[in-house]
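Novice: Pasting in a structure now, in structure tokens, and then I'll have a few things to ask.
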Amino acid sequence: MKFRKIASLLTVAAVASAFAVGFGCKKKEEAPAGAPAAAGDTIKIGFLGALTGDVAMFGKPTLDGMKMAAEELNAAGGVLGKKIEIVEADNRGDKQEGASVTQKLISRDGVVAIVGDPTTGITKVAAPIAQKAQVVLLSAGATGPGVVENGDFIFRNTLLDSVAIPACIDFFAKDLGYKKVAIITSDNNDYSVGLSQTFRDAAKGKGVEIVADEKVKDGDKDFSAQITNIKSKKPDVIFFSGYYTEGALIMKEARKQGLKAKMFGGDGLFSPKLIELGGDAVEGTMSALGFSPEQASPVTAKFVEAYKKKFNGVEPGLFDAQGYDGVMMLADAMKRANSADPKVFKTALGQTKNYEGVSGTITIRENREPIKSPLALLEVKGGKFALKAKVPVKMD
Numbered sequence: 116m117k118f119r120k121i122a123s124l125l126t127v128a129a130v131a132s133a134f135a136v137g138f139g140c141k142k143k144e145e146a147p148a149g150a151p152a153a154a155g156d157t158i159k160i161g162f163l164g165a166l167t168g169d170v171a172m173f174g175k176p177t178l179d180g181m182k183m184a185a186e187e188l189n190a191a192g193g194v195l196g197k198k199i200e201i202v203e204a205d206n207r208g209d210k211q212e213g214a215s216v217t218q219k220l221i222s223r224d225g226v227v228a229i230v231g232d233p234t235t236g237i238t239k240v241a242a243p244i245a246q247k248a249q250v251v252l253l254s255a256g257a258t259g260p261g262v263v264e265n266g267d268f269i270f271r272n273t274l275l276d277s278v279a280i281p282a283c284i285d286f287f288a289k290d291l292g293y294k295k296v297a298i299i300t301s302d303n304n305d306y307s308v309g310l311s312q313t314f315r316d317a318a319k320g321k322g323v324e325i326v327a328d329e330k331v332k333d334g335d336k337d338f339s340a341q342i343t344n345i346k347s348k349k350p351d352v353i354f355f356s357g358y359y360t361e362g363a364l365i366m367k368e369a370r371k372q373g374l375k376a377k378m379f380g381g382d383g384l385f386s387p388k389l390i391e392l393g394g395d396a397v398e399g400t401m402s403a404l405g406f407s408p409e410q411a412s413p414v415t416a417k418f419v420e421a422y423k424k425k426f427n428g429v430e431p432g433l434f435d436a437q438g439y440d441g442v443m444m445l446a447d448a449m450k451r452a453n454s455a456d457p458k459v460f461k462t463a464l465g466q467t468k469n470y471e472g473v474s475g476t477i478t479i480r481e482n483r484e485p486i487k488s489p490l491a492l493l494e495v496k497g498g499k500f501a502l503k504a505k506v507p508v509k510m511d
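In our numbering, each number is its position in the sequence shown, counted from 1, plus 115.
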């Protein structure tokens, strides 16, 4: 009887202990993550993007630009007497991994801000996490809708589709004489779906007729049916709102079928991989961006020269420049706010006006959306992207 009583007491104690531990862990997990403050001698800024996978061509240069900015800031004494540290991870272009990396950057690494993701889809997944934790997220690439709407800690510094596309349509209609457009949308890609709708809306009343509106998917290889239908409509230009991989294959099929129309798209087409995959078929393809190293302002020219020196003569692209600007804008906001607490410097970031970035002049409006000028329209010419036109954007 005595042994049974002791065993019973030990069992009760063990259960109680296990319950207490489990309850304690649950409380810790459910407690909302507070905004971290810069501790010690460093201010941590997280990179959110892909370093491997299909969209690594956007993530890698963003990180290069961020690191370059941090090195320059640290060489000049840092920010508020502290060094800037870039914390990196690879989300592989996957939404679930993007959410996981965002949470780790905040809860494990203690970043005060995140620059990324360069894509709209993953930014929309990461934004609610950053907003709940009260950590600033600044995307240096997401151009589609549904990003800053997540809350007052969410920003971006890229040229928006809603600004770039109307400017491009005006240029096409007035300067190039394009009147008939065929749209191709990748309907499993948030960026593509949003960009195509922006084009449809912007084309109204511009004297541009949408003669075909086709759908594909990221990962498709055969576009013969879509091109056959488009060819019969005789468009002046094909507007493809997706990424460079499918864009290259679409143009290969277009040339195979004898369709001479050029392709136009957003920054999703801007990659050396487009040319590598598409070859001669992508000659004349145009991409609307918020950056070009050609016809550079003094600020941009200085950046281009420093970048070429650092990367063995290679010229920077859009994502290098916007990653660089992202870190520099955060540092500027911290200095003006005299604080590395995101709850404090987010207000200063939201008040950014006519900031002379290397990717253009940037103003953050009341809704935390950027207005940015000029627009650079790049065209594949002789096997590389070259500036076709710089289109001014109204900054009011």
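Idealized CB from N, CA, C, for every residue including glycine.
Classify D224 as helix, strand or coil using the three-state DSSP reduction.
Specialist: Counting from 1 along the sequence shown, the entry for residue 224 is found at position 109. It is coil, neither helix nor strand.
Novice: For A248, which of S307, A171, S222 has the nearest alpha-carbon?
Specialist: Locating residue 248 in the sequence shown gives position 133, where the first residue counts as 1. Checking every option, the nearest Cα to that of A248 belongs to S222.
Novice: What separation, rounded to the nearest whole angstrom, lies between the Cα atoms of P350 and I342?
Specialist: Indexing the sequence shown from 1 puts residue 350 at position 235. Indexing the sequence shown from 1 puts residue 342 at position 227. Between P350 and I342, the C-alpha separation is close to 11 Å.
Novice: Check for me: the alpha helix (DSSP H) holding K87 runs from which residue to which?
Specialist: With the chain represented from 116 up to 511, any question about residue 87 goes unanswered, as that position is not in the structure.
Novice: Whole angstroms are fine: how far does the CA of K468 sit from the CA of G208?
Specialist: The sequence position of residue 208 within the sequence shown is 93, counting from 1. The sequence position of residue 468 within the sequence shown is 353, counting from 1. Distance between the alpha carbons of G208 and K468: 32 Å.
Novice: Locate the beta strand (DSSP E) running through T167, then write down its first and last residues.
Specialist: Within the sequence shown, residue 167 is the residue found at index 52, counting from 1. T167 -> no beta strand (DSSP E), and no H or E assigned at all.
Novice: According to the Cβ coordinates, are F379 and F354 closer than 7 Å?
Specialist: As a position in the sequence shown, residue 379 is number 264, starting the count at 1. As a position in the sequence shown, residue 354 is number 239, starting the count at 1. Contact: yes.
Novice: Just mark V429 as buried or exposed, buried being the case when its beta carbon has 16 or more other beta carbons within 10 Å.
Specialist: The residue given as residue 429 occupies position 314 in the sequence shown. The residue is exposed, with fewer than 16 neighbouring Cβ atoms inside 10 Å.
Novice: Which residue marks the beginning of the alpha helix (DSSP H) containing S301, and which one marks its end?
Specialist: For this step, residue 301 is matched to residue 186 along the sequence shown. Where S301 is concerned, there is no enclosing alpha helix (DSSP H), although the beta strand (DSSP E) it sits in stretches over 295 to 301.
Novice: For S339, count neighbouring C-beta atoms within 10 Å of its own C-beta (all shown protein chains included) and say buried if the count is 16 or more, exposed if not.
Specialist: Here the question's residue 339 lines up with position 224 in the sequence shown. S339 comes out exposed.
Novice: Could you give the distance in angstroms between the alpha-carbon of A463 and the alpha-carbon of G231?
Specialist: Residue mapping note: residue 463 aligns to position 348 of the sequence shown, counting from 1. Residue mapping note: residue 231 aligns to position 116 of the sequence shown, counting from 1. Distance between the alpha carbons of A463 and G231 is about 19 Å.
Novice: Name, in chain order, the residues that DSSP records as bridge partners for G181.
Specialist: For the purposes of this step, residue 181 is identified with residue 66 of the sequence shown, where counting begins at 1. In the sequence as displayed, the identity of residue 181 is Met instead of Gly. M181 pairs with nothing; no bridge assigned.
Novice: Over what stretch of residues does the beta strand (DSSP E) that includes G236 continue unbroken?
Specialist: On the sequence shown, residue 236 is found 121 positions in, with the first residue counted as 1. Where G236 is concerned, there is no enclosing beta strand (DSSP E), although the alpha helix (DSSP H) it sits in stretches over 235 to 248.
Novice: Would the beta-carbon of K461 fall within 7 Å of that of V262?
Specialist: By one-based count along the sequence shown, residue 461 stands at place 346. By one-based count along the sequence shown, residue 262 stands at place 147. No.
Novice: Do the CB positions of K346 and A327 come within less than 7 Å of each other?
Specialist: Within the sequence shown, numbered from 1, the residue matching residue 346 stands at position 231. Within the sequence shown, numbered from 1, the residue matching residue 327 stands at position 212. Cβ atoms of K346 and A327: not closer than 7 Å.
Novice: Using only the alpha-carbon positions, how far apart do K375 and Y358 sit?
Specialist: Indexing the sequence shown from 1 puts residue 375 at position 260. Indexing the sequence shown from 1 puts residue 358 at position 243. So the two alpha carbons sit approximately 20 Å from each other.
Novice: Tell me whether the beta-carbon of K509 lies closer than 7 Å to the beta-carbon of P489.
Specialist: Indexing the sequence shown from 1 puts residue 509 at position 394. Indexing the sequence shown from 1 puts residue 489 at position 374. Contact: no.
Novice: Which residues in the same chain have their Cβ closer than 6 Å to the Cβ of R451, if we skip the five residues on either side of it in sequence?
Specialist: As a first step, residue 451 is located in the sequence shown; it is residue number 336 there, counting from the start. Excluding residues within five positions, the ones whose Cβ falls inside 6 Å are A463.
Novice: Where does T157 fall in DSSP's three states?
Specialist: Walking along the sequence shown from the start, residue 157 turns up at place 42. Looking at T157 - three-state DSSP - the assignment turns out to be strand.
Novice: Using DSSP bridges, identify the partner residues of D328.
Specialist: Counting from 1 along the sequence shown, the entry for residue 328 is found at position 213. BP columns for D328 point to I298.
Novice: In the DSSP assignment, find the unbroken beta strand (DSSP E) run with G475 in it and report its ends.
Specialist: Translated into the one-based positions of the sequence shown, residue 475 becomes position 360. Segment 475 to 479, the beta strand (DSSP E) holding G475.
Novice: Note the first and the last residue of the continuous alpha helix (DSSP H) segment covering G309.
Specialist: As a working mapping, residue 309 is identified with position 194 in the sequence shown. G309 -> alpha helix (DSSP H) spans 305 to 318.
Novice: Could you give the distance in angstroms between the alpha-carbon of P387 and the alpha-carbon of P507?
Specialist: Against the sequence shown, residue 387 aligns to sequence position 272. Against the sequence shown, residue 507 aligns to sequence position 392. Taking the straight line from one Cα to the other gives about 26 Å.
Novice: Tell me the DSSP bridge mates of P260?
Specialist: Locating residue 260 in the sequence shown gives position 145, where the first residue counts as 1. Answer is none; P260 lacks a bridge partner.
Novice: In angstroms, rounded to a whole number, what distance separates the CA positions of V352 and F286?
Specialist: Translated into the one-based positions of the sequence shown, residue 352 becomes position 237. Translated into the one-based positions of the sequence shown, residue 286 becomes position 171. Their backbone Cα atoms lie some 13 Å apart in a straight line.
Novice: Which of the three DSSP states is assigned to F286 in this structure?
Specialist: Start at 1 with the first residue of the sequence shown, and residue 286 comes out as number 171. Helix.
Novice: Counting Cβ pairs closer than 8 Å, one from the stretch 479 to 494 and one from the stretch 260 to 276, do we hit at least three?
Specialist: They touch, by the three-pair rule.
Novice: I think A491 touches F406, with their Cβ atoms under 8 Å apart; what is that distance to the nearest whole Å?
Specialist: Numbered from its first residue, the sequence shown carries residue 491 at position 376. Numbered from its first residue, the sequence shown carries residue 406 at position 291. About 6 Å; that satisfies the 8 Å criterion.
Novice: Under the rule that 16 or more other beta-carbon atoms within 10 Å means buried, what is T238, buried or exposed?
Specialist: Position 123 of the sequence shown, counting from 1, holds the residue named residue 238. Flag for T238 reads buried.
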